[in-house]
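Reading through the structure tokens given below for one structure.
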Amino acid sequence: MTLSQTLQDALNDQIKYELASAHLYLSMAAYCETLNLSGFAHWMRVQYQEEAAHAMKFFEFINDRGGRVIIQGIAQPPTDFDSPLDVFQKALENEQAVTALINRLYELATRENDYPTQVMLHWFIEEQVEEEKSATEIVELLKMTGGQGAALIMLDRQLAVRRGEH
Ligand code: MG
212 MTLSQTLQDA LNDQIKYELA SAHLYLSMAA YCETLNLSGF AHWMRVQYQE
262 EAAHAMKFFE FINDRGGRVI IQGIAQPPTD FDSPLDVFQK ALENEQAVTA
312 LINRLYELAT RENDYPTQVM LHWFIEEQVE EEKSATEIVE LLKMTGGQGA
362 ALIMLDRQLA VRRGEH
């Protein structure tokens, strides 16, 4: 069963959204570097790599289904943030938006009776639960500690040990 044009277009759009997320997190890493928070910057660099890997999962899936990948342009991400808390609140908002996009893609695959796309998206549906959970945890820690002084340095050390998963 070949991909419908509608679904192929939506999957190509998702490659763009994943790459835009990667771009956003790399920009956040650059901002964290300006604060000398190398652990926060490291966490964001790992996040950047994960989003690029997500884009490649869609890239490979489209090709496996005999479709045509179209790489689209992405806008410049924000470059300035108010604080580490602002960074993670915006990262969380971005993940919530991506979750909505993945859910919409799943609804489309269901409407089109495209079962392979539905199965492929199960991984992303689970992944988004993790993405929202990890961003929420860091937002909550930053709020709880006030995100300053020794607490901020301890959190920076904790984020420095994050390893890539996907
Ligand atoms: Mg992603």
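According to our numbering, the sequence shown is numbered sequentially starting from 212. Glycine residues also receive a C-beta, built at the ideal position from the N, C-alpha and C atoms. This one's a predicted model, so the numbers in the text were calculated from it and none came from an experiment.
What does the Cβ neighbour count give for N305, buried or exposed, with the cut at 16 atoms within 10 Å?
Buried, since its Cβ has 16 or more Cβ neighbours within 10 Å.
What I want to know is whether the C-beta of F335 ends up closer than 8 Å to one or more non-hydrogen atoms of the ligand MG.
Yes; taking the cut-off as 8 Å, the Cβ of F335 has a heavy atom of the ligand MG nearer than that.
For E244, which residues of its own chain have a beta-carbon under 7 Å away from its beta-carbon, when the five flanking residues on both sides are left out?
Excluding positions up to five away in sequence, the list reads A252.
Less than 8 Å between the CB of H234 and some heavy atom of the ligand MG, yes or no?
For the ligand MG, not one heavy atom lies less than 8 Å from the Cβ of H234.
Have a look at Q283, G284 and K301 and flag the residue whose alpha-carbon is nearest the alpha-carbon of T290.
Out of Q283, G284 and K301, K301 has the C-alpha closest to the C-alpha of T290.
Should H253 be counted as a contact of the ligand MG given a C-beta to heavy atom distance under 8 Å?
Checking every heavy atom of the ligand MG against the Cβ of H253, none is found closer than 8 Å.
For the ligand MG, any of its heavy atoms closer than 8 Å to the Cβ of V309?
Yes.
Since I believe I285 is in contact with A240 (beta carbons under 8 Å), could you give me their beta-carbon distance rounded to a whole number of angstroms?
About 16 Å separates the two Cβ atoms, so there is no contact after all.
Tell me whether D224 sits in a helix, a strand or coil according to DSSP, three-state version.
Helix, per DSSP.
State buried or exposed for E262, treating a residue as buried only when at least 16 other CB atoms are found within 10 Å of its CB.
Result: buried.
Between V257 and R368, is the Cβ-Cβ spacing less than 9 Å?
In this structure, R368 does not lie closer than 9 Å to V257 by Cβ.
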